[in-house]
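**Student:** Below you'll find the structure I mean.
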Amino acid sequence: MMPLIDESDMHDSDPDRPHDHRIASEYDRESGSETDLSDSDDGLTFSSLKERFNRDHWMQFASNVLPKNVLLRKKKNSAKGGPRLRVREAPASFLEAGWEDTDDHNNTLQSEVLVILKTCRVFGYFESPVVLELVKHVATISLYKGENLFKIGDADDSIYVVSSGEIQVVAKDKETEQYTVMDVVQPGGSVSSLVSILEVMAGHTSQFVSVEARAITPATVLRVPMAQAKPIFDRFPSASTKMASMILVRLQRVTLLILYNYLGLTHELFLPIDPVHKNPTTRVRAVGKTFTKLGPTKDVLGFGMFTRGKSGGRVSRHGSNTSDTQDQTVMRSMNSAPRLEDLKEGQTVAQLIEEGVEALCQQFKLNKELVHKLVEHDIIEGNTVLVEQGQPHLDCHLYHVISGTIEASLTPTTSQRYQGSSEGTRLEHVVMVAQPGETIGEMSLVTSMPSFYTLSTGDKPVRMLKLSVQSFEILMNDSPPSMLLFALHGVSRVSPLVRKCDFGVDWSQVEAGKLVYKQGSEAVALYIVLNGRVRSVVTSRQGGRKTLVTEFGRGESVGEIELLTATPRATSVHAIRDTELAKLPGELFEMIRQKYPKVSNAFTRKLGERLLGAMELPRGGPTAPLYQQEEERMSTNKNLSTVAVVAVSNDVPLHQFCARLTAALSTIGSCLHLTRNRVEEMMGDEVFSTVHEYKLISWLGEQEEHHNIVLYETDKKSSAWTKRCVRQADCILIVGLGDNEPTVGAVERDLESITNRAQKELVLLHSFRKKPTRTVEWLNLRDWCTAHHHIRCARAFLHGYQAASTTPPNIHSDFSRLARRLTNTSVGLVLGGGGARGLSHIGILHALQESNIPIDMVGGTSIGALIGGLYSEVTEWERVWERAQVWSFAMASLWAKIMDLTYPITAIFNGSSFNTSIHDLFQEQLIEDLWLPYFCITTDLTDSKMKIHRHGTLWRYVRSSMTLAGYLPPLCDPEDGHLLVDGGYTNNLPADIMRDMGAQSIIAVDVSSKDEKDLTNYGDSLSGWWLLWKRWNPFATPIKVPDMAEIQSRLAYVSCVRQFESVADKNYINLVRPPIDVYSTLQFGAFHEIVDVGYNHATNIINGHNWKQIHPDADDPTEDSHTTKSPIPGMQTVSTHAQLRQTARKVIKS
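At position 432 of the sequence shown the residue is numbered 432 (the UniProt record's numbering), and the sequence of numbers has no breaks.
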């Protein structure tokens, strides 16, 4: 079995056992008392000592005379006043917009500069000298109502930023000669086409062809003349390179993204293909068709590029071992390649390649000598995929065609993608064709983004020159102006529609807390989250109560339903943290929809897919309020991109924690760990100054694009970097030492005004040998936390002696569990109710751990609540086995039942012995102090509804969840006094609740009573004496009549059958049903048999089931996966239930 701790943590020695007075002090602290016995003698008098002696004497006498359950009842009643979680709703600011620029006092820039930096995202990447030079050329234009800002035919060489008033942008249709409103630009918006600006920077002239702008109110506009800025870019070549790159990034991330991904356009995005070439505009291609190379390959300059063989798989990615690689020329030996019919009379292959190199260098002004060293020559078979759509840019190349053709194609985003194609194939739209002498593939290399389209060869073999990403970067460093030419070449293929939309589509930065739109306002635009996070909140008409509706993360669209239906905004949306948004104006959307009717179909299909997906989402996720119960804090970490880590105190090993968490996150997806020092090394020491703020924000946004999750390690003080981390965070982890006194850190208090809208989670670090305590106190000191986590660490780690480790932790470690929580890939275990049949849960726990399947959170009903609570406390199935066995044998005792009999008004038994047995298992353990997130289900008789328990005294709610009506009296909830009974009456297998908690994969174990068709027909009445005679008489005909416990168990199943069927067929649920129907509800004496049944059944399922959908490493246990800590002192590690039974019996007897 895989150990539950990291390998590095196994060297941690046990801490010294504290003195008696220290133990007593800890006990008092756990029970809610602040008494320290080490100081208890101060100020004692004779009378007080006598009073204490009398009290102790009578307590000793009572313990000898009175029954144990009486004293226990007294103790439990007094325990009701113990520590409780102060349940609070989220603060008002969490659901309200309200933005204050906390850095205004540090601003030394002119207001015009700030407006331009906030509006024009591309300027945010420039160094301060470039920005200051650009500002010198900024002109202010005042317009009266109706005056044109520019007209068709005017020079398109400037960027316009609206400072006040409103500017209307209209487009003229060449066919109908009619004007259509594309956008109404508000203050803070821009009016420009960056595609045209790119042409101006390259020295070309550009004019407005079909777009005009006029003021519809008196307005003030700031004009940035890019034609006059060209000398500035000549002085700062790096600025020109970055400008060209960012313009192409904006084109792909914003304009093309909206038109293709959300409006379903493909052919319309690029210039029409020349019909002379007779290339097909659509084709059906096999999914996953591989790259096949005809000629030999060679790695150039040792960059470790991918090479592929006939199999189509990646062959190698290692550098060349030859020392003279850099002296090699472009010419490759083509002896093994077939000769193509592309040579002129008397022309050699070398001459043909030389002509291609010459054309490439002349077109893009490259260093010919350097190109010879870097470029590769290949011959590729026809109908071969070179680059897949969405493939990372590191795997892309720049291709220069010598002979043949290379086609770029897009896969339709609508359901039509598979029409006319068989299984295993897909439809593709060919959008452009590169002919001999042309270059293609530059977009991914310039933007460092995944490929926007699929590149493949035509029907015939292709001779080409190609440059890898690394080679391309070397060429750009040698000749920065060439980047501008490559970017210009990339935009030269886009259609007039894209150019026109480039005027209307906006790319803006929204600060944390700022309102995007307000409930009841007119729907004027569609928004897409490029990076960041926004929150949608609805305000009730009566009382003004605000309720969280959803949160939108990277890549999600916002506000499209109201735009499509032309209705007022149903909710208010504000930015949770600093967010980049793409805005598609409603007027532009309507213009596109009228010209291309298929846009409506594509948009409707996308909305339908989103609504269908919402039906699968948890109720606590983006389609429902955050709180299912007012006192519950159920939330999911869907689509998180950034996490900030804040230390409560200076003694928290923050850097080691972040390094270990990064290692765990990296096993799930790409993770980047950013610290202040690392950012300064990459961006410069002045990166945190105001003038570089937007440069830093833009750079951080790029990192989010390239990584699944970015982990921000804050400083241990309230610095500019700490504030930036918090403003960038989708989720904030507050890390403290669990053994320290509960407190709120100074950094927390200083950043409270910034963090009140972000999701916060508390992380407490503990040593291995000490159980969590006082978690409630940690939580009560804070306004609210959506979740809390307990992390077990080595002592050397806690004291900062252990170096930061990048080794991936064990998948069972608490760091791995936290990583799965943050990436929404948690594995949940749901244990259903069914009386003694639920003992099979223990065998299933054994099989899961033996198969190396992690368990991140646990929930259950009835007996499932008990077994789940035990496992959440100890996280080892052996210790669960040991404690549950003792409890089961106690439950099988007939004498205990007889002693609990009472006059049956409410129930047959008074519940005293049952309470004692449950309390002996858990003592005064709080749910908040469990190692694993846990919940249990009860039925609230007072309010007639299901109730979810995630905090409070564990034994009370486990007892409530196991209360069969008629057998045991309902238990009073100490929180509100409501009467609670068995949760099986409302939700016997709460897999849906587990989904609400954020579990991506769920293992649900059903042990409920199933239908039986062979029951005896005993007529209209039934005598218990007759049944007793039938059972005792060996000669009587056997009869089968359910007893009271079985009837109660089946009632629970009947009441939940519809809910059970609704979750049983979900693709994220692995349903396990052990064959335990032969055992009755109260047959606890068959403990060993039932546990073995569960183990054998789960083992058979796991061996024949694809458990990789739960965790990729689940079927690949390491060497340590078969070792385990001894659950009982002095007991050797065991591997079978038989050995464990023998050892446990010896322990029990002793």
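Glycine included, each C-beta is placed from N, C-alpha and C at the ideal position.
For Asp1020, which residues in the same chain have their Cβ closer than 7 Å to its Cβ, ignoring the five residues on either side in sequence?
**Tutor:** Translated into positions along the sequence shown, residue 1020 becomes position 1020. Counting only Cβ-Cβ distances below 7 Å, and skipping sequence neighbours, we find nothing.
**Student:** Within 10 angstroms of its Cβ, does Asp943 collect 16 or more other Cβ (buried), or is it exposed?
**Tutor:** Within the sequence shown, the letter at position 943 stands for residue 943. By the C-beta density criterion, Asp943 is exposed, having fewer than 16 other C-beta atoms within 10 angstroms.
**Student:** Could you check whether Leu733 and His673 sit closer than 8 Å to each other, using their CB atoms as the reference points?
**Tutor:** Residue numbering aside, residue 673 sits at position 673 when the sequence shown is read from its first letter. Residue numbering aside, residue 733 sits at position 733 when the sequence shown is read from its first letter. The answer is no: Cβ separation not under 8 Å.
**Student:** Please report the residue range of the beta strand (DSSP E) in which Pro653 lies.
**Tutor:** Your numbering for residue 653 matches position 653 in the sequence shown. Careful: Pro653 lies outside any beta strand (DSSP E) and carries neither H nor E.
**Student:** Could you have a look at Pro225 and say whether DSSP puts it in helix, strand or coil?
**Tutor:** As a position in the sequence shown, residue 225 is number 225, starting the count at 1. Strand.
**Student:** Would a C-beta distance cut-off of 8 Å place Arg821 and Gly998 closer than the cut-off?
**Tutor:** Locating residue 821 in the sequence shown gives position 821, counting from the first residue. Locating residue 998 in the sequence shown gives position 998, counting from the first residue. Against a cut-off of 8 Å, the Cβ pair of Gly998 and Arg821 comes out as a contact.
**Student:** Can Leu584 and Ala202 be called in contact, C-beta distance under 8 Å?
**Tutor:** On the sequence shown, residue 584 is found 584 positions in, with the first residue counted as 1. On the sequence shown, residue 202 is found 202 positions in, with the first residue counted as 1. Between Leu584 and Ala202, the CB-CB gap reaches or exceeds 8 Å.
**Student:** Rounded to whole angstroms, what is the Cα-Cα separation between Met226 and Leu654?
**Tutor:** Position 226 of the sequence shown, counting from 1, holds the residue named residue 226. Position 654 of the sequence shown, counting from 1, holds the residue named residue 654. Taking the straight line from one Cα to the other gives about 46 Å.
**Student:** Quick one: using the 10 Å Cβ neighbour count with 16 as the cut-off for buried, is Ile905 buried or exposed?
**Tutor:** Position 905 of the sequence shown, counted from the first residue, corresponds to residue 905. Label assigned to Ile905: exposed.
**Student:** Roughly how many angstroms lie between the CA atoms of Arg1145 and Phe1084, to the nearest whole one?
**Tutor:** Locating residue 1145 in the sequence shown gives position 1145, where the first residue counts as 1. Locating residue 1084 in the sequence shown gives position 1084, where the first residue counts as 1. The predicted model places Arg1145 with a pLDDT of 47, which falls under 50 and marks its position as unreliable; any figure quoted below should be read in that light. Roughly 16 Å between the two C-alpha positions.
**Student:** Within 10 Å of its beta-carbon, does Asp1092 have 16 or more other beta-carbons around it, so buried, or fewer, so exposed?
**Tutor:** Stepping through the sequence shown from its first residue, residue 1092 is reached at position 1092. Per the 10 Å Cβ criterion, buried.
**Student:** Run the CB neighbour count on Gln759, radius 10 Å, all protein chains shown included, and call it buried at 16 or more, exposed below.
**Tutor:** Numbered from its first residue, the sequence shown carries residue 759 at position 759. By the neighbour-count rule (16 or more Cβ atoms within 10 Å), Gln759 is buried.
**Student:** Return the CA-CA distance between Pro237 and Thr550, expressed in angstroms with no decimal places.
**Tutor:** Within the sequence shown, residue 237 is the residue found at index 237, counting from 1. Within the sequence shown, residue 550 is the residue found at index 550, counting from 1. Between Pro237 and Thr550, the C-alpha separation is close to 45 Å.
**Student:** Does the region 894-908 come close enough to the region 937-956 that 3 or more CB-CB pairs lie under 8 Å?
**Tutor:** no
**Student:** From Gly346 to Leu132, what distance separates their C-alpha atoms?
**Tutor:** By one-based count along the sequence shown, residue 346 stands at place 346. By one-based count along the sequence shown, residue 132 stands at place 132. Using only the alpha carbons, I get a separation of about 58 Å.
**Student:** Which partner residues does Pro585 have in the DSSP bridge list?
**Tutor:** Within the sequence shown, numbered from 1, the residue matching residue 585 stands at position 585. The partner list for Pro585 (beta bridge, DSSP) reads Ala525.
**Student:** Please state whether DSSP places Trp931 in a helix, a strand or coil.
**Tutor:** Locating residue 931 in the sequence shown gives position 931, where the first residue counts as 1. If DSSP states are grouped into helix, strand and coil, Trp931 belongs with coil.
**Student:** What's the call for Asp157, buried or exposed, on a 16-neighbour Cβ count within 10 Å?
**Tutor:** Looking up residue 157 in the sequence shown gives position 157. Answer is buried; the Cβ neighbour count reaches 16.
**Student:** Where do the N-terminal and C-terminal ends of the beta strand (DSSP E) with Tyr967 fall, by residue?
**Tutor:** Mapped onto the sequence shown, residue 967 falls at position 967. Here Tyr967 belongs to no beta strand (DSSP E), and DSSP marks it neither H nor E.
**Student:** If you count every other CB in all the chains shown that lies within 10 Å of the CB of Leu269, and 16 or more means buried, which is it?
**Tutor:** Along the sequence shown, read from residue 1 onward, the residue named residue 269 stands at position 269. With 16 or more other Cβ atoms within 10 Å, it is buried.
**Student:** DSSP on Leu674, reduced to helix/strand/coil?
**Tutor:** Numbered from its first residue, the sequence shown carries residue 674 at position 674. Here Leu674 sits in strand by DSSP.
**Student:** Within 10 angstroms of the Cβ of Ser826, are there 16 or more other Cβ atoms? Answer buried if so, exposed if not.
**Tutor:** Locating residue 826 in the sequence shown gives position 826, where the first residue counts as 1. Under this definition Ser826 is a buried residue.
**Student:** If I follow the unbroken beta strand (DSSP E) through Met449, where does it start and stop?
**Tutor:** Position 449 of the sequence shown holds residue 449. Element bounds for Met449: n/a, residue is neither H nor E.
**Student:** Would you call Tyr179 buried or exposed, if buried means 16 or more other Cβ atoms sit within 10 Å of its Cβ?
**Tutor:** As a working mapping, residue 179 is identified with position 179 in the sequence shown. Label assigned to Tyr179: exposed.
**Student:** Which word fits Met1044, buried or exposed, when buried means at least 16 other C-beta atoms lie within 10 angstroms of its C-beta?
**Tutor:** Position 1044 of the sequence shown, counted from the start, is the residue given in the question as residue 1044. Exposed, by the Cβ-count rule.
**Student:** If distances are taken between C-alpha atoms only, which option among Gln362, Leu360, Asp378 and Asn367 comes closest to Val349?
**Tutor:** Start at 1 with the first residue of the sequence shown, and residue 349 comes out as number 349. For Val349, the closest of Gln362, Leu360, Asp378 and Asn367 by C-alpha to C-alpha distance is Asp378.
**Student:** Please check the pair Gln703 and Arg577, which I expect to be a contact at CB under 8 Å, by giving their CB distance rounded to whole angstroms.
**Tutor:** Start at 1 with the first residue of the sequence shown, and residue 703 comes out as number 703. Start at 1 with the first residue of the sequence shown, and residue 577 comes out as number 577. Between Arg577 and Gln703 the Cβ distance is about 15 Å, and since that is not below 8 Å, they are no contact.
**Student:** Counting pairs of beta carbons, one from the region 981-991 and one from the region 954-962, are three or more of them closer than 8 Å?
**Tutor:** yes
**Student:** Mind reading off the beta-carbon distance from Tyr934 to Gly828? Whole number of angstroms is fine, and I expect it under 8 Å.
**Tutor:** Translated into positions along the sequence shown, residue 934 becomes position 934. Translated into positions along the sequence shown, residue 828 becomes position 828. Not really, about 11 Å apart at Cβ, beyond 8 Å.
**Student:** Could you tell me which whole beta strand (DSSP E) segments of length 3 or greater appear in the region 761-830?
**Tutor:** 787-793
**Student:** Alpha helix (DSSP H) containing Leu1071: first to last residue?
**Tutor:** Within the sequence shown, numbered from 1, the residue matching residue 1071 stands at position 1071. Going by DSSP, Leu1071 is part of no alpha helix (DSSP H) but of the beta strand (DSSP E) stretching over Ile1069 to Val1072.
**Student:** Quick one: what does DSSP say Ile561 is sitting in, helix, strand or coil?
**Tutor:** Residue mapping note: residue 561 aligns to position 561 of the sequence shown, counting from 1. Helix, per DSSP.
**Student:** Helix, strand or coil for Arg950, going by three-state DSSP, please let me know.
**Tutor:** Looking up residue 950 in the sequence shown gives position 950. In this structure, Arg950 counts as coil in the three-state DSSP scheme.
**Student:** With DSSP as the reference, label Leu1082 as helix, strand or coil.
**Tutor:** By 1-based counting over the sequence shown, the position of residue 1082 is 1082. The answer is coil: DSSP assigns Leu1082 none of H, G, I, E or B.
**Student:** Thinking Gly860 and Ser1009 are a contact (beta carbons under 8 Å), I'd like their distance in whole angstroms, please.
**Tutor:** Walking along the sequence shown from the start, residue 860 turns up at place 860. Walking along the sequence shown from the start, residue 1009 turns up at place 1009. Gly860 to Ser1009, Cβ: 17 Å. No contact.
**Student:** In angstroms, rounded to a whole number, what distance separates the CA positions of Ala408 and Leu530?
**Tutor:** For the purposes of this step, residue 408 is identified with residue 408 of the sequence shown, where counting begins at 1. For the purposes of this step, residue 530 is identified with residue 530 of the sequence shown, where counting begins at 1. Pairing Ala408 with Leu530, the inter-Cα distance amounts to about 25 Å.
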